[in-house]
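Participant: Residue numbers (the UniProt record's numbering): 1 to 34. Using N, Cα and C, we set each Cβ at its ideal position, and we do this for glycine too.
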């Protein structure tokens with residue numbers, strides 16, 4: 001796992017974290033159904 005993390009650049013994580021609230025809004029909007 002650590003090598004996988006090390007192989008990703010900073011923007012990969014920044015974009016992933018930025019998209020989290022958006023993903024959760026979709027989950028909440030669909031009553032928790034993914």
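Quick check on DSSP: helix, strand or coil for residue 9?
Facilitator: Of the three classes helix, strand and coil, the one that applies to residue 9 here is coil, per DSSP.
Participant: Taking DSSP as the reference, what is the three-state secondary structure of residue 16?
Facilitator: Looking at residue 16 - three-state DSSP - the assignment turns out to be helix.
Participant: Where does residue 26 sit, in a helix, a strand or coil, going by DSSP?
Facilitator: Residue 26 falls in the helix class under three-state DSSP.
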